[in-house]
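Participant: For reference, the structure I am asking about is given below.
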Amino acid sequence: MFKRIFAGYLIVLLIALAALALTFSLTVRHYLINDTIDSLTRTAESLALNPGGMGIHGGGHMRGVYFSLANRIAYADYLLLLQDGTIVDSSDEEAYPPGSIPDSGLFAARSFEPDRETHLVDKDLVAVSIPAVIGDQKGTLILYSQLDLLTQLNRSLLGLLALALAAGTAVSLLAGAFITRVIVNPVQKLKEKASALARREFGGKVTLKTGDELEELANTINEMATKLAEYDLAQKDFFQKASHELKTPLMSIQGYAEAIKDGTIAPAENTPALDVIIRESSRMKTLVEQFIYLSKMERVKETYSFEAVNLDDAVRETVYALQNLARDKNIDIETVSGSGGTVQGDPEKIHRLLLNIIGNALRYASQKVRIKAESGRIEIADDGPGFAENERIKAFKPFYRGKGGGSGLGLAISKAIVEKHGGTIALGNRPQGGAVVTISLPLSKI
């Protein structure tokens, strides 16, 4: 990852430097041409006031003129032409002999306007022409300079720029490498932690002090690792206890079945033995159904069908379903009239929830179970022994059973149902004795 990020950074840097160098070269060239034109214009205007100073009437001859270019002394040639284009004088008589008329190239008569200042630029040179008076005739003074000088000056400046860019690039690469390391190292730590989680290695934490989103991500991964560790431990504990719960009825079934087969049990006693096999098979079936049901509690979309549920009706239906159990145990069920309200819930799940809680209350009650539903809150109280302090903490864990308890899955299933409905469930004790379970569900807004 470090190599890819650094390579990308280097490519972007090189592209930026190339664009900077090209822009600088074009800008400097444009500046030098304009500076040359300005300097040649000022020099030409000065000479045009006294063309005789170049030796035209005095019989003398100048080899050229000098001007300032980018704080340097530069050289320029000149031409002095009459209006018809005839050369009166030039600094380069071999190329432009006096008396001749340039008929092609930059200095042909059509290339400049004798009556006004003209700037001429081609691939080889820069020229400036201005009107001049030659004796009693009108003419044109042309100063021109080869672009080679500008090119050399441009190259010198580019050389200086290249040195500066090289130094800047070296510093940028070092800074880029450092910054890339700063970015990559935390990501690498997060990657290693994620790989460890994939291998079910939940120990250790990622410690980042970056003060940004990476630190937040590290904290989130640490929290996830903690929850996964808890879930993994709970899963192992679940399978261990599930195996134990299934082993007991299986051993009974196997023992009685083998005894019947071997003739150890007399034929007259087969019926009680078969009753044990049937009872334990039924118990094992119930356990398996509860295992499956508990595992489905995590998948809301697949197992829940929400609709408006009246809590008063739900309590009445559940109490009616448990009347025989209450009669057998000689327990009185009292329902306190009120307005339980309407919630958005799955009717079957809420019915199972109430069956579990009220069924537990009947199992532990001495004489009476009291149920009150009001504004989304249901209280189920009994006059039994109540909850021990340590039981209130462990009661919702799968397979935890109090004295005289069942499979130990009822409260775990109940808690899962309540939480999937967005509610809460709490265990407590009444001041006068006995347990109380409080279920709170959000009322329907429809």
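The numbering used here numbers the first residue of the sequence shown as 17 and each following residue consecutively.
Glycine included, each C-beta is placed from N, C-alpha and C at the ideal position.
#1: With DSSP collapsed to three states, give me the class of P288.
#2: Looking at the structure shown, is I72 part of a helix, part of a strand, or coil, going by DSSP?
#3: Pick out the complete alpha helix (DSSP H) segments inside the segment 340 to 389, 4 residues or longer, and give them in chain order.
#4: Classify P283 as buried or exposed, calling it buried when 16 or more other Cβ atoms lie within 10 Å of its own Cβ.
#5: Apart from the five residues on each side of it in sequence, which residues of its chain come closer than 8 Å, Cβ to Cβ, to L371?
#6: Are the segment 371 to 384 and the segment 395 to 405 in contact at 8 Å, needing three or more beta carbon pairs?
#7: Going by the beta-carbon positions, is the gap between I387 and V331 smaller than 7 Å?
#8: Mapping the DSSP letters down to three states, classify H46 as helix, strand or coil.
#9: Grab the span of the alpha helix (DSSP H) containing D328 for me, first residue to last.
#10: Within this structure, are the beta carbons of I117 and T134 separated by less than 7 Å?
#11: Shortest alpha-carbon distance to A60 belongs to which of V28, Y94, E232 and I31?
#12: Which class does V104 belong to by DSSP, given the choice of helix, strand or coil?
#13: What does V154 pair with, by DSSP beta-bridge criteria?
#14: Please report the straight-line C-alpha distance between Y320 and D362, rounded to a whole angstrom.
#15: Quick check on the DSSP output: what are the complete beta strand (DSSP E) runs of length 3 or more inside the segment 234 to 276, in order along the chain?
#16: Keeping to the same chain, check which residues put their C-beta closer than 6 Å to that of F218; ignore five residues upstream and five downstream.
#17: May I have the straight-line CA-CA distance separating G76 from D108, to the nearest angstrom?
#18: Would you identify the three-state DSSP class for Y320, choosing helix, strand or coil?
#19: Go ahead and label G256 buried or exposed: buried means 16 or more other beta carbons lie within 10 angstroms of its beta carbon, across all protein chains shown.
#20: Q448 by DSSP, collapsed to three states: which one?
#21: Would you call the segment 131 to 145 and the segment 49 to 64 touching, i.e. three or more CB-CB distances under 8 Å?
#22: Using the three-state DSSP reduction, which class does Q99 fall into: helix, strand or coil?
#23: When we look at the beta-carbon of G69 and count the other beta-carbons within 10 Å, is it buried (16 or more) or exposed?
#24: Quick check: the Cα distance between Y91 and D51, rounded to an integer number of angstroms?
Facilitator: With the structure as the only source:
#1: helix
#2: Annotation note: pLDDT 44 at I72 (below 50); position unreliable, coordinate value reported separately. In the structure shown, I72 sits in coil (DSSP, three-state: anything other than H, G, I, E or B).
#3: 363 to 380
#4: exposed
#5: T334, A337 and L338
#6: yes
#7: yes
#8: helix
#9: L327 to A337
#10: no
#11: Y94
#12: strand
#13: According to the sequence as given, residue 154 is Lys; it is not Val. In the DSSP output, where bridge partners are listed per residue, K154 has V149.
#14: 6 Å
#15: none
#16: A241, L244 and A245
#17: At G76, the pLDDT of 43 sits below 50, so the modelled position is not reliable; the number obtained from the coordinates is stated separately. Cα to Cα, G76 sits roughly 14 Å from D108.
#18: coil
#19: This sequence places Gln at residue 256; Gly is not what is there. Q256 should be labelled exposed.
#20: coil
#21: yes
#22: coil
#23: The pLDDT assigned to G69 is 48, lower than 50, so where the model puts this residue is not dependable; a value taken from the coordinates is nonetheless given after this. Exposed, by the Cβ-count rule.
#24: 14 Å
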